[in-house]
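Protein chains: 2
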Amino acid sequence: MNTENVPDIIVSRLPVYLRALQHMAENGITTTSSQELGDNVGISAAQIRKDLSQFGEFGKQGTGYHIPFLIERLSQILKVDRSWDVAVVGMGELGRALARYQGFSNRGFHVQMCFDSEPSKIGQHVGEMTVRDVKNIVKDVREAGIKIAMLCIPAAAAQEVTDQLIEAGVQGILNYAPVSLSVPEGVKVQYIDPAVGLQRITYYL
Amino acid sequence: MNTENVPDIIVSRLPVYLRALQHMAENGITTTSSQELGDNVGISAAQIRKDLSQFGEFGKQGTGYHIPFLIERLSQILKVDRSWDVAVVGMGELGRALARYQGFSNRGFHVQMCFDSEPSKIGQHVGEMTVRDVKNIVKDVREAGIKIAMLCIPAAAAQEVTDQLIEAGVQGILNYAPVSLSVPEGVKVQYIDPAVGLQRITYYL
DNA sequence: TAGATTGTTAATCGATTAACAATC
DNA sequence: TAGATTGTTAATCGATTAACAATC
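Residue numbers (the working numbering), protein chains in the order written: chain Z, 1 to 205; chain L, 1 to 205.
#1: Extract the residue ranges of the alpha helix (DSSP H) inside the stretch 21-108 of chain Z, only unbroken runs of 4 or more that lie entirely within it.
#2: Does any CB atom of chain Z fall closer than 8 Å to the CB of residue 202 of chain L?
#3: Using a Cβ-Cβ distance under 8 Å, would residue 1 of chain L count as near chain Z?
#4: If you measure between the beta carbons of residue 131 of chain L and residue 109 of chain L, is that distance less than 8 Å?
#5: Taking 8 Å as the cut-off, decide whether the C-beta atoms of residue 68 of chain Z and residue 25 of chain Z are in contact.
#6: Is residue 135 of chain L closer than 8 Å to residue 205 of chain Z when the C-beta atoms are compared?
#7: For the alpha helix (DSSP H) containing residue 159 of chain Z, list its first residue and its last residue.
#8: Please classify residue 147 of chain L: does DSSP put it in a helix, a strand, or coil?
#9: Nearest to residue 146 of chain Z by alpha carbon, out of Z:95, Z:167, Z:106, Z:127?
#10: With distance defined between alpha-carbon atoms, name the residue in Z:107, Z:170, Z:180, Z:195 nearest to residue 155 of chain Z.
#11: What span of residues does the beta strand (DSSP E) with residue 172 of chain Z cover, start to end?
#12: Measuring alpha carbon to alpha carbon, tell me which residue in Z:23, Z:42, Z:38, Z:10 is nearest residue 189 of chain L.
#13: Report buried or exposed for residue 194 of chain L, applying the criterion of at least 16 other Cβ atoms within 10 angstroms of its Cβ.
#14: Could you give the C-beta distance for residue 151 of chain L and residue 158 of chain L, rounded to a whole number, given that I count them as a contact under 8 Å?
#15: At the 8 Å Cβ level, is residue 50 of chain Z part of the contact set with chain L, yes or no?
#16: Below 8 Å CB to CB, which residues in the same chain sit around residue 121 of chain Z once its five sequence neighbours on both sides are set aside?
#17: Is the stretch 194-203 of chain Z touching the stretch 2-18 of chain L, taking contact as three or more C-beta pairs under 8 Å?
#18: Residue 71 of chain L and residue 35 of chain L - do their beta-carbons sit closer together than 8 Å?
#19: Mind checking whether residue 170 of chain L and residue 141 of chain L have CB atoms under 8 Å apart?
#20: How would you label residue 126 of chain Z, buried or exposed, when you count the other beta carbons within 10 angstroms and need 16 or more for buried?
#21: Name the chain L residues whose beta carbon is nearer than 7 Å to that of residue 104 of chain Z?
#22: Would a check of beta-carbon distances place residue 58 of chain L closer than 8 Å to chain Z?
#23: On the DSSP letters alone, give me the boundaries of the alpha helix (DSSP H) that residue 196 of chain Z sits inside.
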């Protein structure tokens, strides 16, 4: 039950397990096995058991895992047993789509604030929010205590905005801008560049 | 120069190298080193050299790598020295944003076709395309010879549409739907679920 | 030439798999 | 009880790093 030195690669799989379990739960299934869960997500049963055993003993020999319990524990481990406020920077099409994305609310996130630099966009409404001026991002984000941001701005502006977000106290960034970011120790970045995703496919064609 | 059994994890880094190199090239830089490129993308110099050496000898001792040449070679390796037609399925906000995404054209991709199932959306214009009925997806995708698709539909519909895409000859899928897909050998899937991305961050907060 | 940097080897480190006793 | 499945160990497999001769 050592929760301190878990390898990143194990942590990165937990949200996928959680997603599959929630899907099963929605379909009224209450119990699963490492074999069944593994088939569902494309990972070996042995690896699923090994991954979960990093955090405790969640299953029962002979019967497997009780899904509601495993969902609860994984949610705690991933700290999504609460709701995190998120800021979205960049109100282009992609940013607006993310700001209004329906899939966050039941998975631990709530888009609370959004920013753009373009005068024509500032003050517009997106969902229930009013687009704010990115000039005030450090102050606004800090005052709201927001720790997570999604970056949907051009590559050229990404590092500068990243620096401001970190100054404001942000500790995690989901980066849709097509550029690698430089961040200090302790700040986590996840990259989502659709062109990179596609180029990881074409190699095999 | 064995290009046959390259580990997936190495292939997955190449698009990131390519992106960084193209960024350097746009800034007029013509030469780089494994150290400099590594600093840029957050990977050790040794690993960059090892990764590249899987495909050939692209550098020169003492001077490093000539950027235009390395871009050319990586583009060939990733097969993005050409333009791939892509289909987008699901014309919600996210799908429309991707269909019109500006970042594909100079990185090897062209969104050629888009689909939805909702009568009110079919026939609408998105960019230069007309939204097609997903009912005809097998026929339309096959006739166009499209090999790559982006899935931006609800989880519940994702597997069924995936099966149809594969029937139509698609070999690679960029999946924005929050669900694991089951695909036959030889079909590549890349997953882009924003909530998964965020949950990989909250663990560390 | 002297300095810099590659490509590659060997050593280290880490992740995955196979197997099975424990036990529900 | 008998069958099923866990958690864990040891073995295997694979990836990363360190170091350096080669050479531009």
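No residue lacks a Cβ here, since even glycine has one placed at the ideal position from N, Cα and C.
Result, derived from the coordinates:
#1: 34-41, 45-53, 67-77, 93-99
#2: yes
#3: In this prediction, residue 1 of chain L scores a pLDDT of 45, lower than 50, which makes its location untrustworthy; the coordinate-derived value is nonetheless stated afterwards. With 8 Å as the cut-off, residue 1 of chain L does not count as an interface residue toward chain Z.
#4: When the beta-carbon positions are compared, residue 131 of chain L and residue 109 of chain L stay at least 8 Å from each other.
#5: Cβ atoms of residue 68 of chain Z and residue 25 of chain Z: closer than 8 Å.
#6: no
#7: 155-167
#8: coil
#9: Z:167
#10: Z:180
#11: 172-175
#12: Z:42
#13: buried
#14: 6 Å
#15: So, not an interface residue.
#16: If we look at residue 121 of chain Z and ignore the five residues flanking it on each side, its Cβ neighbours are 91, 131.
#17: yes
#18: no
#19: yes
#20: buried
#21: 195
#22: Not closer than 8 Å to any Cβ of chain Z, the Cβ of residue 58 of chain L fails to qualify, so no.
#23: 194-202
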